[in-house]
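Scroll down for the structure; my scribbles are underneath it.
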Amino acid sequence: MRKKSKSMPDKVWIISGLLLFLGLTTYPVWHNLSAHTTSKGPDLVLPVSAKECVAPLSYMRTSHTKLLLSWRDEVVRQGRRTYAAADGKVYNMSLSGTCLRCHNKQKFCDRCHSYAGLSTVDCWNCHVDPALAEGSKR
Amino acid sequence: MKLTRKEFLKVSGACLLGVSGKKLLAALDNATKKEAASGEVRWPKHWGMVVDIRKCREDQGCAKCIEACNAAHNVPAFDDAAHEVKWIWKEPLAAVFPEQQTGYEQNALKDVPVPVLCNHCDNPPCVRVCPTDATWKRPEDGIVMMDWHRCIGCRYCMAACPYGSRSFNWVDPRTHLTHLNPDYPTRTKGVVEKCTFCPERLAKGQPPACVEACPDQAMVFGDLSDPRCEARRLLASRFAVGRRTELGTGPNVYYLV
Numbered sequence: 858m859r860k861k862s863k864s865m866p867d868k869v870w871i872i873s874g875l876l877l878f879l880g881l882t883t884y885p886v887w888h889n890l891s892a893h894t895t896s897k898g899p900d901l902v903l904p905v906s907a908k909e910c911v912a913p914l915s916y917m918r919t920s921h922t923k924l925l926l927s928w929r930d931e932v933v934r935q936g937r938r939t940y941a942a943a944d945g946k947v948y949n950m951s952l953s954g955t956c957l958r959c960h961n962k963q964k965f966c967d968r969c970h971s972y973a974g975l976s977t978v979d980c981w982n983c984h985v986d987p988a989l990a991e992g993s994k995r
Numbered sequence: 002m003k004l005t006r007k008e009f010l011k012v013s014g015a016c017l018l019g020v021s022g023k024k025l026l027a028a029l030d031n032a033t034k035k036e037a038a039s040g041e042v043r044w045p046k047h048w049g050m051v052v053d054i055r056k057c058r059e060d061q062g063c064a065k066c067i068e069a070c071n072a073a074h075n076v077p078a079f080d081d082a083a084h085e086v087k088w089i090w091k092e093p094l095a096a097v098f099p100e101q102q103t104g105y106e107q108n109a110l111k112d113v114p115v116p117v118l119c120n121h122c123d124n125p126p127c128v129r130v131c132p133t134d135a136t137w138k139r140p141e142d143g144i145v146m147m148d149w150h151r152c153i154g155c156r157y158c159m160a161a162c163p164y165g166s167r168s169f170n171w172v173d174p175r176t177h178l179t180h181l182n183p184d185y186p187t188r189t190k191g192v193v194e195k196c197t198f199c200p201e202r203l204a205k206g207q208p209p210a211c212v213e214a215c216p217d218q219a220m221v222f223g224d225l226s227d228p229r230c231e232a233r234r235l236l237a238s239r240f241a242v243g244r245r246t247e248l249g250t251g252p253n254v255y256y257l258v
């Protein structure tokens, strides 16, 4: 049997193991610090032209995808093109024509989606951002 | 009282008949009431187009209908014919009506360009083969619609269409668009597209873009179920032909010759 040493012969291993453990567990903190990310939410530019959306804010925050999908089906499959909001206002069901009339795609949609880590939003493969259309020339 | 099995079955059968009969009567009653409430007989709409080849100036280089359609629907322009995307385009008369040709090469009309587009058939073969319902015939007005959200790009519809009215996006169409109309989506690589008779314009009470753009009103659009509409009057007064009618597709684009 080995004789016990008072001066901890495995000190090097223990301390380096502890340091490695600390480094690994705190890695997210270092990573975020070096990438200059903060816990602050996305810097959204809100519309100035309108005060209210087609549905209450809480609904739009959680379920705008559902609303857009139902608009898509109504317009394309059923041929209904107008949407009556809860307050009685009637809107044209159009992503480019109604949503983007108030919202800025880059500074609203994209910023929040990239903050939330949603990489694939295919709407814009086909639907045209009016800002992009302005840049195109005949 | 004791029922035999036979009597029990008779009684329960009679009860069932009674209940279902009552429901049927109520349903019939409701249906007649609804019809009476709407007050008018609603004609099923049946959009169709009549193209007057004699008025059309495509042989003089006019392409206003094509340009208007391409601009309105973000149809890209490709130099490579293999990548071509077409909604409305010109074809020589001999190719549009191959079965009408006499075979005599001196036929003066055979090279006359004729505008061709989707025929919005009564019995569309493209709809029959689509595995995802991305293309379907609208029961309300007969338009053969496209849902680009659902198209998986299998191109069965292209193989089925005898008129070549459908095009496939082999490359991203945005790279070949000089002008973007924000009111209409572009398509994306991997989907099939074609003329849709402009339902977005019809919903606003406007005629299709090509019809509006024609300087000579060579294209007349109308509800063929309405005997008073101009398209029907033209069809009643002039000799008209449809493309490849022998196939049984029932095209709704007619050509006045």
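Which chain is which? The protein sequence lines are A and G, in order. Per my numbering, residue 858 is the first one in the first sequence, and the count goes up by one each step. Per my numbering, residue 2 is the first one in the second sequence, and the count goes up by one each step. The beta-carbon is built from N, C-alpha and C at its ideal position, and this holds for glycine as well.
Just to confirm the assignment, what range does the beta strand (DSSP E) spanning residue i have?
i: tryptophan 48 of chain G; result: 48-53
So, with DSSP's three-state summary, where would you put residue i?
i: methionine 865 of chain A; result: coil
i: glycine 223 of chain G; result: strand
i: lysine 195 of chain G; result: coil
i: phenylalanine 98 of chain G; result: coil
i: tryptophan 149 of chain G; result: coil
i: valine 42 of chain G; result: Residue confidence is low: valine 42 of chain G scores 42 on pLDDT, short of 50, so the model does not pin down where it sits. Its coordinate-derived value is still stated next. In the structure shown, valine 42 of chain G sits in coil (DSSP, three-state: anything other than H, G, I, E or B).
i: alanine 37 of chain G; result: With a pLDDT of 49 at alanine 37 of chain G, under the threshold of 50, the modelled position of that residue is not reliable, and the figure given next carries that caveat. The answer is helix: DSSP assigns alanine 37 of chain G an H, G or I state.
i: serine 168 of chain G; result: strand
i: lysine 908 of chain A; result: coil
i: tyrosine 157 of chain G; result: helix
i: leucine 1 of chain G; result: The shown model of chain G, from 2 to 258, leaves out residue 1 of chain G, and the question about it has no answer.
i: valine 933 of chain A; result: helix
i: lysine 923 of chain A; result: helix
i: alanine 27 of chain G; result: helix
i: phenylalanine 965 of chain A; result: helix
i: leucine 236 of chain G; result: helix
i: alanine 15 of chain G; result: helix
i: leucine 10 of chain G; result: helix
i: valine 902 of chain A; result: coil
Could you give the C-beta distance for residue i and residue j, rounded to a whole number, given that I count them as a contact under 8 Å?
i: leucine 915 of chain A; j: aspartate 184 of chain G; result: Here residue 915 of chain A turns out to be serine, not leucine, going by the sequence shown. That pair is no contact at about 30 Å.
i: arginine 188 of chain G; j: cysteine 983 of chain A; result: 6 Å
i: cysteine 155 of chain G; j: arginine 167 of chain G; result: That belief does not hold up - the Cβ atoms of cysteine 155 of chain G and arginine 167 of chain G are roughly 12 Å apart, past 8 Å.
i: proline 899 of chain A; j: cysteine 959 of chain A; result: The Cβ separation is near 17 Å, so there is no contact.
i: alanine 941 of chain A; j: valine 947 of chain A; result: 5 Å
i: cysteine 969 of chain A; j: leucine 890 of chain A; result: The pair is not a contact, with the Cβ atoms about 23 Å apart (cut-off 8 Å).
i: methionine 220 of chain G; j: valine 52 of chain G; result: 5 Å
i: arginine 233 of chain G; j: glycine 249 of chain G; result: Contact flag wrong, Cβ pair sits at about 22 Å.
Where DSSP assigns a beta bridge to residue i, which residues make up the other side?
i: alanine 941 of chain A; result: A:Val947
i: methionine 257 of chain G; result: Looking at the sequence provided, one finds leucine at residue 257 of chain G rather than methionine. Note: leucine 257 of chain G sits in a beta bridge opposite G:Asp53, G:Ala241.
i: proline 93 of chain G; result: G:Pro114
i: tryptophan 137 of chain G; result: G:Met146
If you follow the alpha helix (DSSP H) that residue i is part of, which residue opens it and which one closes it?
i: tryptophan 88 of chain G; result: Looking at the DSSP string, tryptophan 88 of chain G is not in any alpha helix (DSSP H), and its letter there is neither H nor E.
i: proline 126 of chain G; result: 126-130
i: alanine 973 of chain A; result: Run containing alanine 973 of chain A: none; DSSP gives neither H nor E here.
i: alanine 73 of chain G; result: 65-73
i: tyrosine 884 of chain A; result: 884-891
i: arginine 204 of chain G; result: Residue identity check: residue 204 of chain G is alanine in the sequence provided, not arginine. No alpha helix (DSSP H) contains alanine 204 of chain G, which DSSP labels as neither H nor E.
i: asparagine 982 of chain A; result: 980-983
Cβ of residue i versus every heavy atom of the ligand GDP: is any distance shorter than 8 Å?
i: leucine 235 of chain G; result: This structure lacks the ligand GDP, and indeed carries no ligand of any kind.
At the 9 Å Cβ level, is residue i part of the contact set with chain B, yes or no?
i: methionine 146 of chain G; result: In the displayed structure, chain B is absent; the protein chains listed are A and G.
Query - Inter-stretch contact (C-beta, 8 Å, three-pair minimum) for the region 134-148 of chain G and the region 45-53 of chain G - result: yes
Query raised in the report: Any chance the region 206-217 of chain G sits against the region 5-12 of chain G, with 3 or more Cβ pairs inside 8 Å?
Result: no
Query raised in the report: Is there contact between the region 115-131 of chain G and the region 84-100 of chain G, where contact requires at least three CB pairs shorter than 8 Å?
Result: yes
Report task. Would you check if the region 223-241 of chain G and the region 249-256 of chain G touch, i.e. whether three or more CB-CB distances between them fall below 8 Å? Result -> yes
Query raised in the report: For the region 76-91 of chain G against the region 228-236 of chain G, are there 3 or more C-beta pairs whose distance is under 8 Å?
Result: no
Query raised in the report: Does the region 168-178 of chain G touch the region 68-79 of chain G, meaning 3 or more C-beta pairs lie closer than 8 Å?
Result: yes
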